Structure formats: C-alpha cells, structure tokens
C-alpha cells in the first residue's frame, strides 16, 4: 500500500471525503442497494488514487485491498464487480462527481497553487513519415499562484 493512499485516507481526511461526496444522492431504489453509495464512491476514489484507470482495474484493486477498505467502512458484501461499478457511476452526474472530488482535493491542501502554466513545443524535423514516426512534442507545466 502506498504512503500517498494512506496519507490521503487518514480517518480525518476520510470524513472530509465522505462529507464532500454526501451531496451526491443515491439514484438507486433502496431495496435494491447491496453496496452503499458512500462505499462505491470511496472505492472509486481510492482505486483511482492508486492509479487504476478503468472499472475492471478498480474492481480488481478493491478485491485485492478489501482489508484496507474495511479500515474505513464495512464493505459487508465485499466490493462490486466492474459492471456494477459502471452502472452506479453512470447514474451519477459526472460534473457533480468532479466538483465533489475537486473540492475534496483542494481541501486537502488549501495552500495549493491556483494556476498551472503550460508551455508546449514541437521539435522540428523530429518526424519521419517513411518510418511512421510522429513529431516529438514537449510539454512543460508549472504550478503558480500568480
């Protein structure tokens, strides 16, 4: 388990995460809910921080790290499969999820830089159409408060 995940999910930060996501209403019918929305959202965020890129990876990560997840919530039925994660997450407004996640992330580090300056260059003559090699692109990013 990486230190970044442990740091991001200290108990106080978990409460903050759950508070930020509490505004998202569960779109499912209560009798059909096997996995509480708070656990689904927690799993998705934790697995994403652990570098999972799709629902299959998130589901696998959840099964492999169930002991870690249970430090923060019951996960009585374990973790949902990838298809069920997809169903639940597709019923939540993406903009609302993004706003909740962004607010939580900013709350973790209130002194974080507010702007990111980007600069990009394409290296001349770095492509070779005959060999199917595309041009080399370089991007630099700086975090700044001004």
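Residue numbers (our numbering): 887 to 1032. The C-beta atom is built at its ideal place from N, Cα and C for all residues, glycine as well. All figures in this text were calculated on a predicted structure; none of them were measured in a lab.
Residues bridged to residue i (per DSSP)
i: residue 1019; result: 1014
i: residue 1006; result: 1025
i: residue 1030; result: 1001
Inter-residue Cα distance where the pair is residue i and residue j
i: residue 903; j: residue 1024; result: 35 Å
i: residue 1017; j: residue 1005; result: 28 Å
i: residue 970; j: residue 942; result: 10 Å
i: residue 949; j: residue 967; result: 9 Å
i: residue 981; j: residue 936; result: 22 Å
i: residue 906; j: residue 915; result: 22 Å
i: residue 926; j: residue 938; result: 14 Å
i: residue 1026; j: residue 1009; result: 14 Å
i: residue 987; j: residue 1015; result: 42 Å
i: residue 913; j: residue 972; result: 13 Å
Opening and closing residue of the alpha helix (DSSP H) in which residue i lies
i: residue 943; result: 941-950
i: residue 988; result: 980-994
i: residue 969; result: 968-976
i: residue 928; result: 923-935
Proximity below 9 Å, CB of residue i to CB of residue j
i: residue 1030; j: residue 1000; result: yes
TODO: Pair every Cβ in the region 958-976 with every Cβ in the region 920-933, then say whether three or more of these pairs are closer than 8 Å.
DONE: yes
TODO: Would you be able to state if there are at least three C-beta pairs under 8 Å between the region 970-977 and the region 993-1011?
DONE: no
TODO: Count the C-beta pairs between the region 923-936 and the region 952-960 that are closer than 8 Å, then say yes if the count reaches three, no if not.
DONE: yes
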